[in-house]
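Engineer: Residue numbers (the numbering used here), protein chains in the order written: chain H, 1 to 277; chain C, 1001 to 1277.
Protein chains: 2
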Amino acid sequence: MSKIVSDLIIVGVGLLGSSVGLAVKKHGVADTVIGIDRCRETLDIALRREAVDVVATELDVLAEINAEINDGLAVICTPVRSIVGVAERIAAVNGNLLISDVGSTKVNICRELEQRDLRFVGAHPIAGSEKSGPEFCDADLFQDRLTVLTPTASSRAEDIERLQLFWESLGSQVLLLEPQQHDAFLAKTSHLPHAVAAALASLITEVERPFCGTGFADTTRIASGLPVVWTDIFLDNRLQLLAMLEVFGDRLESLKTALEDSDAPAVTRFLESARQR
Amino acid sequence: MSKIVSDLIIVGVGLLGSSVGLAVKKHGVADTVIGIDRCRETLDIALRREAVDVVATELDVLAEINAEINDGLAVICTPVRSIVGVAERIAAVNGNLLISDVGSTKVNICRELEQRDLRFVGAHPIAGSEKSGPEFCDADLFQDRLTVLTPTASSRAEDIERLQLFWESLGSQVLLLEPQQHDAFLAKTSHLPHAVAAALASLITEVERPFCGTGFADTTRIASGLPVVWTDIFLDNRLQLLAMLEVFGDRLESLKTALEDSDAPAVTRFLESARQR
């Protein structure tokens, strides 16, 4: 695999960020992987896991490192509501960098950054884990997963192409979508399931825990994701999530009606419709 | 392990029934495992997997096989709403057998059978799989799992003790509970999660499927259980399940309010309360 970027900058080296670094190094996609994080301990773990080559706690190092090249790529892997601010600061420090992210929501981020004078293409690899932190990084996290790019009217064609090549090099399939379409899909396939899993998990008391089987563990696994990360996602996509909570509530109401009426065929239809998916 | 029963009769040799057979044979708990199922093909698979030694499609073979012994145990592994009828037929054919089951609900079964003149002690191993059929049987399915026994006032002490020894021999921890308490716990830890997973899965269309990550797969895995089995469970425990659906709905309402108000601390509290469980 030939180099796609000279310097890859990862801002936020948690599980996702350090997995990007590890995958980039595995596939030889960049010359140097620079990890930036406000937390020194997180950087140390990422270094030990060899997910990054160089580390820094401040973005201003980017002015120095990338002063004379123009094919650097900065991938922002912070909670979604800080991505716009981080992108603006990166652009202020070094205007030559292509900036992208891995955020689970895209509408607000792309709308904000479209209006700025910077090179940004939004991205979301649909891959992750209920775990968090660079200690759980995985070079194969993106292998055979879908990565959605959400370019806007202001995105340059060559930047979209390079980002597509970047994610394909990490084993991902790449799909281009409107930010609005992305957020609608993800509200249903990711944010609603997370909300539901969290609601389920929150109901269980200490005395009930022994009665939870492996099915319960599966169903609620995602609820152990970092609350700070998911608060951002929920709020950033709150209108779509609210709409999905309505649709989901209606579905449960239909089950309630069937149970109240002891309507066996209706209960079976409810269960069959799930199984066919 | 010394023999706990001479003949073990399993009625319904699906995944659970054939796993009981396989575990019994692994641990040497019975002399002979007799599998009874109306489906010849299911019996053939159970035989090939060596989960049972002898098979029959009708219960009347029990008259013959157990005529002169009185320590036989029949474990009913059929959908919950057929357990009472099967128990009555077993008792009619052979009054010497101790009868038990593996049903996920206990109140109605135990209440009905308490009034009959037969030796019944209800049981529920909290173990299973989203898969179905004897091809997926597992000798270790009950290892380190909890099995709840729900004896009633009419249960004999020696029968309870023997059934406890039986499940412990298969690697289970055994706990005695009131049927009502069992069904209340399971409504929350199993039946509600199943309903919720099914509702989630049923919402996903073909076009949205590529956007489902591993988290979605985990959350909805249990929804692929057999609809006929789960219709029975839902209807048999419908009042407790309806109560849990209310509690769950209230929890989701609290999230909706937080989202409508863009109340970040409230969203975080919602997510934190799930994570602490």
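Even for Gly, the Cβ is constructed at its ideal location relative to N, Cα and C.
Let me see if you follow: with CB-CB separation under 8 Å, is residue 84 of chain H close to chain C or not?
Structural biologist: Chain C contact via Cβ: absent.
Engineer: Smallest Cα separation from residue 103 of chain H: which of H:46, H:27, H:120?
Structural biologist: Here the closest residue by C-alpha is H:120.
Engineer: Is the beta carbon of residue 218 of chain H within less than 7 Å of some heavy atom of the ligand SAH?
Structural biologist: With respect to the ligand SAH, the structure offers nothing, as it holds no ligand at all.
Engineer: Examine chain H for any beta-carbon lying closer than 8 Å to the beta-carbon of residue 1019 of chain C, and answer yes or no.
Structural biologist: Answer no: the Cβ-Cβ gap between residue 1019 of chain C and chain H never drops below 8 Å.
Engineer: Measure the C-alpha to C-alpha separation of residue 1219 of chain C and residue 197 of chain H and round it to an integer number of angstroms.
Structural biologist: Looking at the two C-alpha atoms, the distance is approximately 7 Å.
Engineer: Does residue 12 of chain H pass the burial test, meaning 16 or more other C-beta atoms within 10 Å, or should it be called exposed?
Structural biologist: Looking at its Cβ environment, which holds 16 or more other Cβ atoms inside 10 Å, residue 12 of chain H is buried.
Engineer: Is there a Cβ from chain H that is less than 8 Å from the Cβ of residue 1001 of chain C?
Structural biologist: Per-residue confidence for residue 1001 of chain C stands at a pLDDT of 46, beneath the threshold of 50, marking its modelled position as unreliable; no derived number is given.
Engineer: Is the beta carbon of residue 201 of chain H less than 8 Å from the beta carbon of residue 1252 of chain C?
Structural biologist: Not a contact, by the Cβ cut-off of 8 Å.
Engineer: Where do the ends of the beta strand (DSSP E) carrying residue 268 of chain H lie?
Structural biologist: That residue, residue 268 of chain H, is in no beta strand (DSSP E); its alpha helix (DSSP H) goes 264 to 275.
Engineer: Assign residue 1188 of chain C to buried or exposed, taking buried as 16 or more other Cβ atoms, counted over all protein chains shown, within 10 Å of its Cβ.
Structural biologist: Classification of residue 1188 of chain C: buried, given that the 10 Å Cβ count is 16 or more.
Engineer: Check whether the stretch 47 to 64 of chain H touches the stretch 19 to 38 of chain H, taking contact to mean three or more Cβ pairs, one atom from each stretch, closer than 8 Å.
Structural biologist: The stretch 47 to 64 of chain H is in contact with the stretch 19 to 38 of chain H.
Engineer: May I have the straight-line CA-CA distance separating residue 1023 of chain C from residue 171 of chain H, to the nearest angstrom?
Structural biologist: Roughly 42 Å between the two C-alpha positions.
Engineer: Use the C-beta contact count for residue 1125 of chain C: other C-beta atoms within 10 angstroms, 16 or more gives buried, fewer gives exposed.
Structural biologist: That one is buried.
Engineer: For a test of the three-state rule: what should DSSP assign to residue 1037 of chain C, helix, strand or coil?
Structural biologist: Looking at residue 1037 of chain C - three-state DSSP - the assignment turns out to be coil, as it is neither helix nor strand.
Engineer: With distance defined between alpha-carbon atoms, name the residue in H:272, H:274, H:138, H:233 nearest to residue 1263 of chain C.
Structural biologist: Cα-wise, what sits closest to residue 1263 of chain C is H:233.
Engineer: May I ask you to verify whether the stretch 1135 to 1146 of chain C touches the stretch 1074 to 1084 of chain C, counting CB pairs closer than 8 Å and requiring at least 3?
Structural biologist: Because the criterion of three Cβ pairs below 8 Å is not met, the stretch 1135 to 1146 of chain C and the stretch 1074 to 1084 of chain C do not touch.
Engineer: Taking the alpha-carbon of residue 1235 of chain C as reference, which of C:1057, C:1276, C:1076, C:1192 has the nearest alpha-carbon?
Structural biologist: Out of C:1057, C:1276, C:1076, C:1192, C:1192 has the C-alpha closest to the C-alpha of residue 1235 of chain C.
Engineer: With distances taken from CA atoms, which of C:1154, C:1105, C:1080, C:1073 is nearest residue 1090 of chain C?
Structural biologist: The shortest Cα separation from residue 1090 of chain C among C:1154, C:1105, C:1080, C:1073 belongs to C:1073.
Engineer: Can you say whether residue 130 of chain H is buried or exposed, counting buried as having 16 or more other CB atoms within 10 angstroms of its CB?
Structural biologist: Buried, since its Cβ has 16 or more Cβ neighbours within 10 Å.
Engineer: Given that a residue counts as buried once 16 or more other Cβ atoms are within 10 Å of its Cβ, and exposed if not, what is residue 176 of chain H?
Structural biologist: Residue 176 of chain H should be labelled exposed.
Engineer: Just reading off the beta strand (DSSP E) that residue 1164 of chain C is part of, what are its end residues?
Structural biologist: Element bounds for residue 1164 of chain C: not the beta strand (DSSP E) but the alpha helix (DSSP H), 1157 to 1169.
Engineer: Within its chain, find whatever has a CB closer than 6 Å to the CB of residue 19 of chain H; leave out the 5 residues flanking it on each side and keep chain order.
Structural biologist: Result list for residue 19 of chain H: 137, 138, 141, in chain order.
Engineer: Residue 271 of chain H to residue 1248 of chain C, Cα distance in whole Å?
Structural biologist: Their Cα atoms are separated by approximately 19 Å.
Engineer: Checking 8 Å against the spacing of the C-beta atoms, do residue 1184 of chain C and residue 1241 of chain C come in under that value?
Structural biologist: Cβ distance not < 8 Å, so residue 1184 of chain C and residue 1241 of chain C don't count as in contact.
Engineer: In the structure shown, what three-state DSSP assignment does residue 1085 of chain C receive?
Structural biologist: If DSSP states are grouped into helix, strand and coil, residue 1085 of chain C belongs with the helices.
Engineer: Under a Cβ-count criterion, where at least 16 other Cβ atoms within 10 Å of its own Cβ denotes burial, should residue 274 of chain H be classed as buried or exposed?
Structural biologist: Label assigned to residue 274 of chain H: buried.
Engineer: Output, in sequence order along the chain, the residues in the stretch 1159 to 1172 of chain C whose CB is closer than 8 Å to any CB in chain H.
Structural biologist: Against chain H - using a Cβ distance shorter than 8 Å - the stretch 1159 to 1172 of chain C contributes no residues.
Engineer: With a floor of 4 residues, list each alpha helix (DSSP H) that falls wholly inside the stretch 208 to 233 of chain H, ordered by position along the chain.
Structural biologist: Within the stretch 208 to 233 of chain H, the complete alpha helix (DSSP H) runs of at least 4 residues are 214 to 220.
Engineer: My output table needs one value for residue 134 of chain H: the three-state DSSP class, helix, strand or coil.
Structural biologist: Three-state result, residue 134 of chain H: helix.
Engineer: Spatial neighbours of residue 1 of chain H within its chain, please: CB distance less than 8 Å, with the 5 preceding and 5 following residues excluded, ordered by chain position.
Structural biologist: Confidence at residue 1 of chain H is low in this model, with a pLDDT of 46, below 50, so the placement of that residue is unreliable and no value is reported for it.
Engineer: Just list the residues that DSSP pairs residue 7 of chain H with in beta bridges.
Structural biologist: According to DSSP, which records beta bridges pairwise, residue 7 of chain H is partnered with H:32.
Engineer: Taking Cβ-Cβ distances shorter than 8 Å, what residues in chain H pair up with residue 1015 of chain C?
Structural biologist: Under the 8 Å cutoff, chain H gives no residues; its nearest Cβ is about 13 Å from residue 1015 of chain C.
Engineer: Give me the Cβ distance between residue 1227 of chain C and residue 268 of chain H, rounded to the nearest whole Å; I'm assuming they're in contact under 8 Å.
Structural biologist: Going by Cβ atoms, the distance from residue 1227 of chain C to residue 268 of chain H rounds to 5 Å, so yes, they are a contact pair.
Engineer: For chain C, find out if any of its Cβ atoms is closer than 8 Å to the Cβ of residue 151 of chain H; answer yes or no.
Structural biologist: Residue 151 of chain H does not count as touching chain C.
Engineer: Could you tell me whether any Cβ in chain C is nearer than 8 Å to the Cβ of residue 134 of chain H?
Structural biologist: No, its Cβ sits nowhere closer than 8 Å to a Cβ of chain C.
Engineer: According to DSSP, simplified to helix, strand and coil, what is residue 250 of chain H?
Structural biologist: In the structure shown, residue 250 of chain H sits in a helix (DSSP, three-state: H, G or I).
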